[in-house]
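The sequence shown begins at 11 in our numbering and counts up by one. Cβ coordinates follow ideal geometry from the N, Cα and C atoms, glycine included.
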Amino acid sequence: MSRKVKYKTSLIGTIRTHLSGLSGYDVLILELIQNADDGEAKKMVIDVRDSGLKIQNNAEFSYCGNIEEENCSSEDTCDFHSILDVASGNKAHNSENIGRVGIGFISTYQITDRPKIISNGLSVVLTPETDNADFDEINTKETTFEMPWARDPKSKLREALVQEHINDKKIEQFFIDCESVLNQSLLFLKNLNKIELKRNGDSKLV
C-alpha cells in the first residue's frame with residue numbers, strides 16, 4: 011500500500027525562479043508603482059537614498075488582524091498574507107489590478123536582502139533565507155517600504171538567489187531608470203495622480 015509524505019516548496023527557489031523573469035530596475039520600479047495604483051493610492055514618493063530605497067504612498071495594506079496565523083481569515087486574502095505567501099496569485103481574482111499577479115513584490119530582491127513593509131499598524135521585515143518574517147505593531151498613517159541596498163556580495167541571500175550586490179554605480183543607474191519610468195508611467199495609471207522622485211530626501215522630479 012502506498013504511503014503519503016508532505017512536500018514543501020522552497021521559498022528561496024521560488025523567489026530565484028521568479029526573479030529570472032523580473033530582472034531590470036525598470037521592472038522593479040514599475041511593479042512598485044503599479045502596486046500602489048492597485049491599492050488606490052493617489053500620491054507616491056520614491057526616495058533613492060545612499061542607504062537604501064524608501065517608497066511611500068497614501069494607500070494602506072489590507073489586514074485580517076492576525077498575521078501570526080498561517081491562513082488568512084479574510085474572504086479575500088489580505089495584503090500581508092499575500093506577501094508572506096510568495097507567488098500565491100492572490101491578486102488574480104481582481105481583474106482591475108494591473109500589476110503582475112502575485113509576484114511583483116519579488117522583484118525587490120534584486121536590490122535588497124531585507125525589505126520592510128510598514129502599513130495598517132504593522133512593521134514587517136522579510137527574511138526569506140530563514141523562512142520567517144519579523145513584525146511589530148506600530149502606529150502608521152500610510153504605507154512605507156524600506157529597502158536597504160544589498161551591498162554585501164557574500165550575503166547568504168545574494169548567493170542563494172544568484173543576484174549581484176548593489177554598489178554606488180548601480181544606485182545612480184537605479185535613479186536614472188526611475189526618471190525614465192516616471193516620465194512614461196502616469197499615462198497608464200488609474201488612481202495615482204502624483205509621483206515625487208527624491209534623491210537623499212531632496213525632490214528631483216514631480
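- Nearest C-alpha to I39 among T137, K179 and M54: M54.
- Across the structure, E70 and G49 are spaced so that their CA atoms are roughly 7 Å apart.
- A direct Cα-to-Cα measurement between I128 and D95 gives close to 17 Å.
- In terms of Cβ geometry, G131 and E147 form a close pair [threshold 7 Å].
- Taking N67 as reference, the option from E78, N45 and E85 with the minimal CA-CA separation is N45.
- Per DSSP, the continuous beta strand (DSSP E) segment holding S133 begins and ends at L132 to T137.
- Closest in C-alpha terms to L202, from the list L192, R209 and N210, comes L192.
- At the C-beta level, S165 and D123 come within 7 Å of one another.
- For G62, the secondary structure class from DSSP, reduced to helix, strand or coil, is strand.
- The C-beta of L171 has 16 or more other C-beta atoms within 10 Å across all chains shown, which makes the residue buried.
- At the C-beta level, G62 and M157 come within 7 Å of one another.
- Listed in chain order, the non-local C-beta contacts of I205 below 6 Å within the same chain comprise M54 and L192, local neighbours out to five positions each way being set aside.
- By a beta-carbon distance limit of 8 Å, I176 contacts A160. Their separation comes to about 5 Å.
- With contacts defined as CB atoms closer than 7 Å, I25 and I116 qualify as a contacting pair.
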